[in-house]
Each structure stands twice: as C-alpha cells, then as structure tokens.
DNA sequence: CATGAATGAGCGTTCATTCAT
DNA sequence: CATGAATGAACGCTCATTCAT
C-alpha cells in the first residue's frame with residue numbers, strides 16, 4: 003500500500019533523529035526535514051510527536067519480543083538444554099539490538115518526562131518484560147534449574163544488567179561484539195561474581 | 003544561615019517535582035509553586051532550571067559516593083572479609099537510596115536529552131562509577147576473589163542490575179525492604195542464576 | 003508573492019510603533035497587535051525584534067542613499083551648477099524624509115543602547131554619511147567652490163544641522179514645508195549666520 | 003550636609019555608568035555597584051532609575067545654561083563686539099562639554115524610548131534651547147547683525163550642527179581640541195559653506 | 001493526498017521596585 | 001539611615017498543532 007510506504011518512510015526518519023537527539027530535543031521539524039515531507043503530511047500519518055514515538059517503540063518491542071522463544075524443558079538428552087535455549091534467546095536479542103543501534107539508543111534513553119502521567123510506554127515495556135521474566139524464573143525454580151530467589155527482584159536485576167551493558171556499549175564506553183557480549187553476560191549470570 | 007535555608011527549601015521543592023514529573027515536564031513555575039516563593043526569588047539562588055538540576059544531582063552523587071568505602075584485604079581472620087565489606091558498602095548505598103525515593107527517581111530517569119552535547123551529568127556519573135567498579139573488579143581478579151572476566155562489561159552489568167532493581171522498586175513494581183534488597187542482590191551476584 | 007506582502011505588512015506595522023514608542027519601549031506584542039497577526043507569525047518573517055529593526059533601518063537607508071546623486075562639475079554654462087545640484091540632492095532627501103515622518107522619528111531617535119557593542123547601525127550610517135560628505139567637501143575645496151576648512155568637522159556640522167531641523171520638525175516644534183526647509187537650510191549654509 | 007554627599011556620590015556613579023552603557027543597558031544594579039551602596043539606599047535618595055537620570059540631566063543642563071551669557075550690544079568701540087561675545091559663549095559651552103565627556107555621551111544619546119509619553123527631558127531641553135536661541139536670533143536680526151531668516155529653523159540647525167560635531171567627537175570619529183572646535187564651528191557659521 | 005502559512009499557549013528569564021529588619 | 005532578600009509583571013521567543021488551499 004502506498005500510504006504504508008509513506009508511513010514507514012516517516013517512521014524511519016523519526017527513528018534516526020530520535021536516536022540522534024533524544025525525544026525532547028527532536029522537533030517535528032527535524033522529522034519532516036529528514037523525511038522530506040511537508041508539515042501537514044506528517045499529521046496525516048501520525049497524531050503528533052508523542053504518537054510517532056509510541057509507534058516507534060511498538061515496532062522495536064515487537065521485533066524484540068518476536069525473538070524470545072519460550073523455554074521447553076528437554077525430555078530427552080538430544081533436545082536442547084535449558085541453558086542453551088537461554089543462550090539462544092539472549093543471542094537473538096543481542097543480535098537484534100546490536101544491528102539497530104538507533105533502537106538501542108531510544109530504548110536506553112528511558113524517555114524521562116515523556117508523559118504527564120506516571121506511566122509511559124517504556125515503563126510498560128520493561129514492566130511487562132519483568133513480569134514475563136519473573137514467571138519464567140518461577141518455572142525454572144520449580145524445575146530445579148534456577149536457584150530459589152525473589153524472582154521478581156531477580157528479573158529486574160537481570161534486565162538491568164542487560165541494559166547496563168547495552169547502555170555502556172551505546173555510549174561507547176565498552177567495545178564488544180555479539181559473541182563476547184553474550185558470553186560475558188552468561189558467565190556473569192551463571193557463575194556469579196564472587197569465587 | 004538564612005539564605006542557605008532558603009536554598010535548601012528550593013532544592014527540596016525541586017527534588018520533589020523533578021522526581022514527580024521529570025526534568026522536561028517540570029517548569030520553573032512548578033518549582034516555585036512547590037517552594038512557595040516568587041519567580042524572581044528562584045533566580046536569586048540558582049542560575050536557572052538547568053543549574054538547579056545539576057545542583058540536585060551533585061548533592062545526590064556526593065551522598066552516594068560518601069557511602070562507598072574502599073575494600074581492604076583482610077590480613078588476619080578477625081578482620082572483615084571482602085564479602086562482608088562489599089555487603090556493607092551495598093547496604094549503605096541501598097539504605098541511602100531507599101530513604102530518598104525522589105533521588106532514586108531522578109537518578110533512574112537518565113535525563114534523556116538533558117543537554118545539547120552528548121555528555122551529561124548522569125552519563126558522566128555512571129561512566130565514572132563504571133570505571134571505578136571495573137578497577138575494583140580488576141583488583142579482585144588479581145587477588146583471586148573475583149572470577150576472571152571482562153571487568154568493564156561486568157561492572158556495567160553490575161551497575162545495571164542495581165539500577166534495574168531500584169527502578170522496579172521506585173516504580174512500585176516490586177516491594178522489598180533494604181535487607182531483602184541487599185540479600186537478593188548479593189545472592190544473585192554470588193551464586194549466579196543458574197544452578 | 004504572498005509572503006512578501008506579509009513581510010511588508012509587518013514591517014509597516016513595526017515602523018509605526020517604533021516611531022511612536024522608540025525601540026526599547028516597543029514590544030513584539032505591540033508590533034503583532036498593530037499588524038494583526040499571531041506571535042508565531044512574526045517569527046516566521048523576522049528573526050526577532052532586533053532583526054526587524056535592522057530591516058527597517060536598511061530600508062530607510064536604501065531609500066535615502068538612492069536620492070543622493072553624485073555632483074558633476076559643469077563643463078559648460080548650460081549644465082546644472084554645483085549649487086543647484088546640491089539643492090536638488092537636498093530637495094530629494096528632504097522630500098523623501100518629510101513624506102515618511104515615522105522614518106524620520108526612527109532616524110532621529112539615535113537608538114541609544116540599541117546594541118551591546120559600541121557600534122550600531124545608526125552610528126554606522128551617520129559615520130559613513132560623514133565620511134562620504136567629508137570627501138565631497140574635500141573635492142569641493144580642491145575645485146575652489148567650498149571654503150577651506152576641516153572637512154570632517156564641517157561634514158558632521160552639516161549633517162547635524164539637517165538632523166536638528168528634521169528633529170524639530172518631527173517633534174512639532176517648527177512648521178515648514180519642503181521648499182521652505184531647503185531654502186532656509188541652504189541660506190544658512192551659503193551665507194553663514196553672521197552678517 | 004551628609005545626605006547630600008551621599009546623593010552626589012550616587013549621581014556621580016550613575017553618570018559614569020549611564021555614559022558607558024546608555025540608559026537602557028544600565029541597571030540599578032550597575033549604579034549601586036559603582037556607588038558601593040545597598041539597593042535600598044538607592045531608593046532613599048532617588049525615586050527610581052528614571053528619576054536619577056532626570057536629576058543627572060538637570061545638573062548637566064544647569065551647568066550648560068550657566069555658561070551662556072546674554073549678548074550685550076556694544077555701545078562704544080572698546081566694549082566686546084557681538085561676535086566676540088558669541089565666540090566667548092561658544093567657547094565656554096564647548097569647554098564645559100569637553101571637560102565632561104560622560105555628560106556629552108549622555109546628551110548625545112537622545113534617550114530614545116526614555117518615556118512612555120511623547121515628551122522627555124532631552125526633548126524639553128533642546129526645545130527650550132531652541133526657543134531661547136530663536137529669540138536671540140530674532141534680536142540679532144532686529145539689530146542688523148544676523149541675516150534675516152526663519153530664526154526657529156536656523157536655531158535648530160545651529161544646535162544640530164553643534165550636536166553633530168560633538169557626537170562625532172564623542173564617537174571618536176574626529177579629533178579636535180576646544181580651540182579648533184570653536185574656530186571651525188564659527189567659520190562654518192560665519193562664512194557659510196559655499197564660496 | 002499533500003501542502004506550509006498561521007497559530008497561541010507556554011516557556012525560561014530579567015530587573016525595577018518594595019519593605020521588614 | 002541603611003540594608004538586601006523578596007517580589008511579580010513583563011519580556012522575547014519556541015514549537016506542536018491546525019486548516020484553508
């Protein structure tokens with residue numbers, strides 16, 4: 003559909019400028035300049051600046067969530083182990099993120115003050131992610147493959163550690179490729195820190 | 003001193019509204035309304051909105067950094083173990099943070115787009131914290147008390163996990179007291195996640 | 003072009019209020035109220051208050067300078083004499099000024115404190131006018147049609163006398179038509195004051 | 003009187019900063035900083051910024067007017083000629099002005115937009131000066147020592163030529179001492195411009 | 001569908017003036 | 001007399017949004 007192409011074109015332009023300058027510093031003028039469209043055209047496809055940002059986040063979330071496969075407890079030795087399934091999930095997520103640095107920047111920016119209300123999309127995203135992860139951890143504890151713990155807290159610690167590393171990478175504070183990324187993170191999660 | 007009291011009063015009001023609405027959504031009008039002062043009075047004590055935010059961050063950073071004691075390698079069995087020193091540091095940090103929920107909210111907000119330049123105070127803070135932590139981990143590895151790892155990456159994973167939990171707590175997604183907080187986090191860091 | 007018409011409309015409104023209240027006492031609010039436009043529209047056509055004032059001065063300067071024709075030394079008795087050329091120049095200038103009382107008021111206001119720097123457009127204008135006039139007087143002295151004198155000083159005295167009369171006229175202190183204006187001024191310049 | 007000394011001290015400080023920065027760019031803060039007094043003290047001696055500017059102008063006007071002696075028609079050859087009386091008046095004025103460059107700068111600035119109303123002190127001053135001069139010229143015409151002319155216009159041309167030269171001097175566009183100043187101006191007025 | 005000129009609420013900031021001490 | 005902390009009206013300017021063409 004022609005109009006969907008237009009919509010995608012505007013979204014792509016918006017992603018670049020939002021990643022570059024952040025939500026607040028980005029003006030509608032920046033987006034339409036990047037997209038090469040008229041001001042009014044922008045409002046034909048999106049309800050406003052806030053709405054296009056939401057649409058952008060939705061797309062990123064979808065992409066990410068599609069990469070997370072449910073863990074299946076292996077019934078026989080020739081099926082993938084839980085750990086390798088986790089590693090594959092992590093690998094897919096990290097790959098997806100590192101291929102789209104703009105998306106990482108947008109996710110990491112946390113969109114402070116995005117919203118008048120207390121809730122915003124990013125909080126909702128991380129909140130849902132936390133819940134899903136806590137449930138997964140609960141399952142893992144039941145199955146005896148995860149240490150007993152406050153799974154909610156651990157879930158957010160887990161998400162946080164991922165975000166911490168991604169943030170440092172996005173800011174250029176550390177250099178690492180996908181393989182090293184996943185290896186380090188899993189080592190951290192598997193073996194703990196202290197000997 | 004009377005003027006310092008006034009300054010503190012304004013800072014306190016600012017902390018509440020910044021925590022509540024975030025940097026961008028907070029107007030000078032909000033701060034002065036909360037502080038119960040006139041517009042001009044605000045500019046008697048601070049150079050502007052940006053300046054009072056920086057002052058706020060500086061105060062929070064100072065408070066936190068003062069709680070981090072350097073680790074001393076025990077020379078005899080009756081001195082505190084490394085792990086207990088880490089636990090004490092963590093405990094002091096967490097206590098300090100949980101006593102000041104507004105400060106946590108401000109720290110967690112990441113201040114997206116705070117600044118025209120790429121650098122901002124929060125990034126600088128987390129960056130410095132990461133460096134300091136990476137060095138500490140290097141020491142730990144040398145001493146044989148920490149698993150060999152990419153310490154920079156691990157440092158940011160560590161900070162991230164702390165931030166993740168604090169964020170969830172500040173958002174009301176998890177409920178936990180200081181003791182439980184530290185226990186869970188240390189268990190996560192010590193034992194790893196997977197059995 | 004529609005947008006040029008709008009620009010002209012705003013310039014015209016600005017000229018009236020600047021002449022009426024002076025640069026400092028005039029607010030952007032006054033200009034947009036006079037022009038019957040919204041605040042934002044003003045900034046679509048001018049970079050700000052200072053910029054529209056400069057544009058106004060530029061227009062006035064252009065108009066005036068276009069009225070000054072270079073003096074041509076007559077080679078034969080049937081060509082215009084120097085004095086009549088001077089008279090014609092003066093006549094054109096005076097006519098141009100008296101047809102636009104607002105412009106006179108703006109030029110006479112001297113724009114005190116217009117600028118942070120010591121230089122401003124009005125000073126630059128009168129400065130350039132003084133230089134040009136001093137050179138013309140130098141030529142006149144060489145040609146034996148002007149008394150030997152400090153031509154720079156005389157140039158500024160000359161400009162000053164014109165400004166003095168225009169100011170008095172703009173302030174309503176004297177009443178005179180263009181013809182009388184030029185006659186009096188030339189009599190003053192030709193014959194001197196004292197018998 | 004002690005309080006008059008204080009008043010003078012503030013006036014002196016004000017004269018310096020008004021001359022330096024102009025009326026609008028000068029803040030009450032500048033004046034009290036220069037005078038070394040507290041903000042409130044300023045308002046004990048003057049009603050406000052506008053009032054101290056007026057007081058300053060009044061002092062300058064008084065000084066100047068005191069230097070203008072009425073012309074006395076010589077009854078015998080050993081009394082001063084009219085021309086020498088005029089020259090002496092001019093000399094006293096110029097001396098007074100050139101000794102106080104700050105005063106010149108203030109007088110030349112014209113105080114654009116000083117006032118909401120159309121009238122202001124500078125206009126009043128130049129207006130009065132013009133009237134007085136026109137009357138003097140009328141007398142001169144009656145006595146046959148001045149060419150017949152529109153004396154009001156001529157008066158303002160005269161004042162203007164003085165102001166023009168003073169302005170150029172204050173702006174640093176011409177260099178001249180008092181003697182040269184008076185000589186050039188009188189030559190201009192006596193002999194006219196054109197041969 | 002597309003345009004871009006027009007809008008106006010709202011921003012951060014300044015500074016002449018006041019008044020309790 | 002002297003102080004200086006406090007005031008608040010008013011400023012110049014921005015930018016997300018609208019709508020007639």
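Residue numbers (our numbering), protein chains in the order written: chain B, 3 to 197; chain F, 3 to 197; chain L, 3 to 197; chain U, 3 to 197.
Positions of the beta carbon are idealized from the N, C-alpha and C atoms, including for glycine.
Under a three-way DSSP split, which group does residue i fall into?
i: residue 161 of chain U; result: helix
i: residue 148 of chain F; result: strand
i: residue 111 of chain F; result: coil
i: residue 54 of chain U; result: helix
i: residue 43 of chain F; result: helix
i: residue 90 of chain B; result: helix
i: residue 177 of chain L; result: coil
i: residue 123 of chain B; result: helix
i: residue 77 of chain B; result: coil
i: residue 69 of chain B; result: coil
i: residue 82 of chain U; result: coil
i: residue 186 of chain L; result: helix
i: residue 27 of chain U; result: coil
i: residue 48 of chain L; result: coil
i: residue 103 of chain U; result: helix
i: residue 38 of chain B; result: coil
Where does residue i land, buried or exposed, given buried means 16+ other C-beta within 10 angstroms?
i: residue 120 of chain U; result: Low per-residue confidence applies at residue 120 of chain U: pLDDT is 46, beneath 50, and the placement is therefore not dependable, though the value from the model is reported in the following sentence. Exposed, because fewer than 16 other Cβ atoms sit within 10 Å of the Cβ of residue 120 of chain U.
i: residue 29 of chain L; result: exposed
i: residue 12 of chain U; result: buried
i: residue 146 of chain F; result: exposed
i: residue 156 of chain U; result: buried
i: residue 85 of chain U; result: exposed
i: residue 152 of chain U; result: buried
i: residue 231 of chain L; result: Chain L is shown from 3 up to 197; residue 231 of chain L falls before or after that span and cannot be answered.
i: residue 148 of chain F; result: buried
i: residue 189 of chain L; result: buried
i: residue 45 of chain B; result: exposed
i: residue 25 of chain B; result: buried
i: residue 105 of chain L; result: buried
i: residue 178 of chain F; result: buried
i: residue 191 of chain F; result: buried
With distances taken between CB atoms, is the gap from residue i to residue j smaller than 7 Å?
i: residue 170 of chain U; j: residue 107 of chain U; result: no
i: residue 130 of chain L; j: residue 94 of chain L; result: no
i: residue 154 of chain F; j: residue 176 of chain B; result: yes
i: residue 58 of chain U; j: residue 17 of chain U; result: yes
i: residue 202 of chain L; j: residue 96 of chain L; result: Look at the range of chain L in this structure, 3 to 197, and you will see that residue 202 of chain L is not part of it.
i: residue 48 of chain F; j: residue 127 of chain F; result: no
i: residue 53 of chain U; j: residue 36 of chain U; result: no
i: residue 136 of chain F; j: residue 143 of chain F; result: no
i: residue 19 of chain B; j: residue 39 of chain B; result: no
Determine the direct distance from the alpha carbon of residue j to that of residue i, and round the result to whole angstroms.
i: residue 172 of chain U; j: residue 162 of chain L; result: 14 Å
i: residue 158 of chain B; j: residue 164 of chain F; result: 9 Å
i: residue 43 of chain F; j: residue 41 of chain L; result: 28 Å
i: residue 166 of chain L; j: residue 160 of chain U; result: 8 Å
i: residue 92 of chain U; j: residue 23 of chain L; result: 34 Å
i: residue 65 of chain B; j: residue 102 of chain B; result: 11 Å
i: residue 50 of chain L; j: residue 31 of chain L; result: 12 Å
i: residue 82 of chain L; j: residue 174 of chain U; result: 37 Å
i: residue 132 of chain U; j: residue 110 of chain U; result: 16 Å
i: residue 6 of chain B; j: residue 139 of chain B; result: 39 Å
i: residue 76 of chain F; j: residue 89 of chain F; result: 15 Å
i: residue 168 of chain L; j: residue 124 of chain L; result: 16 Å
i: residue 80 of chain U; j: residue 182 of chain U; result: 27 Å
i: residue 134 of chain B; j: residue 10 of chain F; result: 42 Å
i: residue 8 of chain L; j: residue 56 of chain L; result: 17 Å
i: residue 73 of chain B; j: residue 98 of chain B; result: 19 Å
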